[in-house]
Amino acid sequence: MSPVDPITESVTKIGGVDISSNDTPRNRETVDIEHAYVRDDPRLWSKNRKNGILSIVASAALIATLGANIYNPAINDIKADLHATDQDISLSLSLFIIVQGNFPLFWSVITEIKVVATAKSIGLVIGMRCLQAAGASAVLTIGAATLADIYEPHERGTMMGIYYAAPLLGPSLGPLLGGIATQLFNWRATFWVLVIFGGVSLVTFAFFKDTFRRERSLAYQAALRRHKVHAAQRDSTRSSKRSSITLAVPPTLDSKGDSGIPSDMEKGIGAPSAQASRHIDEIALSLNDINPFGSLMVVIRRWNNIVILIASVIASPTHARGQFSNKYDYNALKIGFVLLAFGLGCMAGSLLGGRWSDRVLMRLKAQHGGQSNPEMRLESAKYAMPFLPLSCVAYAWLCQEKVHVAAVCVSLFLAGFFTIWIYSSTLAYIVDANTGRSSTAIATNSSFRGIAGFVAAEVAAPLQDSIGDGGLYTIWAGLLVITELLILLVIWKGEKWREHANR
């Protein structure tokens with residue numbers, strides 16, 4: 001793959017002092033930062049170790065989507081038990097989405113969380129749901145970035161597809177588990193299911209091997225360069241003070257004719273200290289170095305990123321549960337089984353779409369003499385573009401006319417399949433086009449989707465009441481067409497935008 005965002009070891013001088021480090025032939029080569037030399041390279045690990053890491057992060061990501069959907073079948077029970085309104089329920093859904101989408105930009109350790117299963121009011125449920133979303137959001141960002149650490153670009157489509165197959169089970173497996181728990185016990189049991197899943201996932205991380213390598217992080221390398229500058233400035237200032245003291249007291253010759261001036265000053269004022277040289281590559285990041293807003297701006301100031309991020313807000317219908325409860329008179333368990341069709345479609349789209357994305361990339365790379373660019377990854381999305389809006393419209397009017405549920409399940413499966421077929425390609429593109437900052441790019445993508453999901457969850461219910469299912473999802477199909485046009489725009493102009501941003 002042709003280098004993206006090439007990084008070279010630069011030489012910085014302050015007052016004539018060379019503050020570069022690790023000046024070896026390897027470092028003097030112009031290399032893609034993604035392939036910079038590192039010790040214990042994660043991409044050279046065994047297949048079994050890589051598969052183990054993939055399994056750990058995928059299973060952990062499943063919990064995030066389970067948390068978003070597991071209590072949907074129990075909404076009527078929650079409303080009755082906690083005397084909640086439709087607005088309260090809508091807020092608990094939409095706030096979960098926006099917090100989960102945006103908190104990766106600010107994620108930090110949350111040490112104590114009051115269990116939502118013991119809540120006595122809808123307000124406490126909403127608050128604790130927000131904390132659940134904040135905690136679950138971390139792995140959604142770190143997981144995708146972890147795969148970028150251990151797999152080469154031509155492998156990522158397939159592996160991203162496998163990775164997202166697990167969390168994509170959430171929208172279907174969540175309502176199913178929630179329906180079973182609600183039928184057997186009550187709505188509070190749905191949250192105890194999450195506690196069990198979370199505990200099991202936590203145990204698996206005891207076997208997780210860190211994949212982060214600072215040599216391949218643009219954020220760390222930028223902090224390292226700033227540290228070198230500051231270290232050289234401190235050494236230069238310290239040497240200047242020592243020089244002033246020496247000039248104020250004329251040197252005297254000893255019996256051997258030595259002046260008594262330190263040898264390092266004889267060699268040249270301002271030479272960096274040995275201690276600084278030893279520790280120049282071992283720095284502790286400050287809050288300023290990990291400022292999320294600075295990293296966010298680096299991502300969104302690129303036109304190819306901003307356009308593909310807007311396009312990535314393609315999302316599944318968020319209020320399907322209300323239709324089956326009201327129109328088909330289904331209980332929580334039956335709703336869970338119906339929504340399983342959408343989840344299975346998402347899984348199939350993720351697995352097949354990711355693998356197809358890699359095949360298209362390899363074919364186009366061969367056609368271009370072994371050279372490739374991230375935009376080639378998006379070519380595979382074209383095959384699904386005509387069918388996604390059509391499946392959404394079909395789902396809309398089948399529900400509107402209360403057609404047999406089997407037909408609705410087929411439309412749900414197809415909608416999930418084509419949605420994730422496209423999304424798996426856009427996600428792999430976001431990683432490939434942001435070498436050295438994949439974690440920030442994924443977090444920004446999550447933020448865009450979270451904001452879009454929040455808005456959709458808030459406006460869907462009123463629109464559904466006023467124009468019905470057919471009108472609501474026909475409008476949504478129109479929005480999907482717009483996002484597909486944006487993807488085509490990135491295929492056409494993305495490479496030029498990236499080259500302009502790298503100048």
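What the sequence shown shows, in the UniProt record's numbering, is residues 1 to 503, in sequence order.
We put the CB at the ideal spot given by N, CA and C, even for glycine.
### Query
What does a CB cutoff of less than 8 Å around V393 pick up in its chain, not counting 5 residues either side in sequence?
Residue numbering aside, residue 393 sits at position 393 when the sequence shown is read from its first letter. Closer than 8 Å at the Cβ level, and outside the excluded window around V393, lie Y473, T474 and A477.
### Message
The alpha helix (DSSP H) that contains T204, what's its start and end?
### Response
As a first step, residue 204 must be located in the sequence shown, where it is residue number 204. Here the alpha helix (DSSP H) through T204 covers A189 to T204.
### Task
Would you be able to state if there are at least three C-beta pairs under 8 Å between the region 375 to 384 and the region 425 to 434?
Because the criterion of three Cβ pairs below 8 Å is met, the region 425 to 434 and the region 375 to 384 touch.
### Query
Measuring CB to CB, does A311 end up less than 7 Å from I63?
Locating residue 311 in the sequence shown gives position 311, counting from the first residue. Locating residue 63 in the sequence shown gives position 63, counting from the first residue. It is not a contact, given that the beta carbons lie outside the stated cut-off.
### Task
Give me the Cα-Cα distance between V298 and S424, rounded to the nearest whole angstrom.
Along the sequence shown, read from residue 1 onward, the residue named residue 298 stands at position 298. Along the sequence shown, read from residue 1 onward, the residue named residue 424 stands at position 424. Distance between the alpha carbons of V298 and S424 is about 23 Å.
### Task
With a threshold of 16 other CB atoms inside 10 Å of the CB of residue 520, please say whether the residue is buried or exposed.
Residue 520 lies beyond the stretch modelled for the chain, which goes from 1 to 503, so this question has no answer here.
### Message
Quick check on the DSSP output: the alpha helix (DSSP H) that includes V408 runs from which residue to which?
### Response
On the sequence shown, residue 408 is found 408 positions in, with the first residue counted as 1. Element bounds for V408: V405 to D432.
### Query
Given a threshold of 16 other Cβ atoms within 10 Å of its Cβ, counted over all protein chains shown, does residue 504 qualify as buried or as exposed?
Residue 504 cannot be examined here, being either before or after the span of the chain that is shown, 1 to 503.
### Query
Is the distance from the Cβ of G354 to the Cβ of G178 below 7 Å?
Residue 354 sits at position 354 when you count from the first residue of the sequence shown. Residue 178 sits at position 178 when you count from the first residue of the sequence shown. Not in contact: G354 and G178 (Cβ atoms no closer than 7 Å).
### Query
In angstroms, rounded to a whole number, what distance separates the CA positions of residue 504 and E458?
Nothing can be reported for residue 504, as the shown portion of the chain is limited to 1 through 503.
### Query
Any idea if T85 is buried or exposed, counting beta-carbon neighbours within 10 angstroms, 16 or more meaning buried?
Stepping through the sequence shown from its first residue, residue 85 is reached at position 85. Burial call: exposed.
### Message
If contacts are defined as beta-carbon pairs under 8 Å, then F417 and A348 qualify, I think. What distance do you get, rounded to the angstrom?
### Response
Start at 1 with the first residue of the sequence shown, and residue 417 comes out as number 417. Start at 1 with the first residue of the sequence shown, and residue 348 comes out as number 348. About 5 Å separates the two Cβ atoms, so the contact holds.
### Message
Would S357 and A415 qualify as a contact pair, given that the criterion is a beta-carbon distance under 7 Å?
### Response
Position 357 of the sequence shown holds residue 357. Position 415 of the sequence shown holds residue 415. Not a contact, by the Cβ cut-off of 7 Å.
### Query
Should V203 go down as buried or exposed, given a rule of 16 or more other Cβ atoms within 10 Å for buried?
Position 203 of the sequence shown, counted from the start, is the residue given in the question as residue 203. By the neighbour-count rule (16 or more Cβ atoms within 10 Å), V203 is not buried but exposed.
### E237 classed as buried or exposed, judged by whether at least 16 other C-beta atoms fall within 10 angstroms
Sequence index remark: in the sequence shown, residue 237 carries index 237 (1-based). Rather than Glu, the amino acid found at residue 237 in this sequence is Thr. Counting Cβ neighbours within 10 Å, T237 comes out exposed, since fewer than 16 surround it.
### Query
Which stretch, first to last residue, makes up the alpha helix (DSSP H) that contains N305?
Indexing the sequence shown from 1 puts residue 305 at position 305. N305: member of the alpha helix (DSSP H) spanning W303 to A311, first to last residue.
### Query
Among Y330, N51 and N304, which residue has its Cα nearest to the Cα of W492?
Counting from one through the sequence shown, the residue named residue 492 turns up at place 492. In terms of CA proximity to W492, N304 leads the group Y330, N51 and N304.
### Message
Give me the residue from V405, A165 and G143 with the minimum Cα distance to I335.
### Response
The sequence position of residue 335 within the sequence shown is 335, counting from 1. Looking at the Cα atoms, V405 is the closest of the given residues.
#### Entry: Which of helix, strand or coil DSSP assigns to Y151
Here residue 151 refers to the residue found at position 151 when the sequence shown is read from its first residue. Here Y151 carries a coil assignment [DSSP, helix/strand/coil].
### Task
Would you tell me roughly how many angstroms separate the C-alpha atoms of E152 and E484, rounded to the nearest one?
Translated into the one-based positions of the sequence shown, residue 152 becomes position 152. Translated into the one-based positions of the sequence shown, residue 484 becomes position 484. E152 and E484: Cα-Cα distance of roughly 27 Å.
#### Entry: Contacts around Y328, its chain only, beta-carbon distance under 7 Å, and the 5 residues preceding and following it disregarded
Against the sequence shown, residue 328 aligns to sequence position 328. Counting only Cβ-Cβ distances below 7 Å, and skipping sequence neighbours, we find V405.
#### Entry: Residue interval of the alpha helix (DSSP H) (run including S391)
Indexing the sequence shown from 1 puts residue 391 at position 391. Annotation: the continuous alpha helix (DSSP H) that includes S391 extends over F387 to Q400.
### Query
For S46, does the count of other Cβ atoms within 10 angstroms reach 16, so buried, or fall short, so exposed?
Along the sequence shown, one-based indexing puts residue 46 at 46. That one is exposed.
### Task
Report the residue from L398, V410 and T419 whose alpha carbon sits nearest the alpha carbon of G471.
For the purposes of this step, residue 471 is taken as the residue at position 471 of the sequence shown. G471 has its Cα closest to that of L398, out of L398, V410 and T419.
#### Entry: Burial state of L184, where buried means 16 or more other Cβ atoms lie within 10 Å
Your numbering for residue 184 matches position 184 in the sequence shown. A residue is called buried when at least 16 other Cβ atoms come within 10 angstroms of its Cβ; L184 does not meet this threshold and is exposed.
### Message
Once DSSP output is grouped into helix, strand and coil, what is the label at N445?
### Response
Here residue 445 corresponds to residue number 445 of the sequence shown, with the count starting at 1. In the structure shown, N445 sits in a helix (DSSP, three-state: H, G or I).
### Query
Using a Cβ-Cβ cut-off of 6 Å (strictly less than) and excluding sequence neighbours within five positions of R302, which residues of its own chain qualify?
Position 302 of the sequence shown, counting from 1, holds the residue named residue 302. If we look at R302 and ignore the five residues flanking it on each side, its Cβ neighbours are A501.
### Task
Give a yes or no on whether the C-beta atoms belonging to I56 and F191 are separated by under 7 Å.
Taking the sequence shown and counting its residues from 1, the one referred to as residue 56 is at position 56. Taking the sequence shown and counting its residues from 1, the one referred to as residue 191 is at position 191. In this structure, F191 does not lie closer than 7 Å to I56 by Cβ.
#### Entry: Nearest neighbour of R359, chosen from V338, K496 and H154 [CA to CA]
As a position in the sequence shown, residue 359 is number 359, starting the count at 1. It is H154.
### Query
Does DSSP put residue 507 in a helix, a strand or coil?
With the chain covering only 1 through 503, there is no way to say anything about residue 507.
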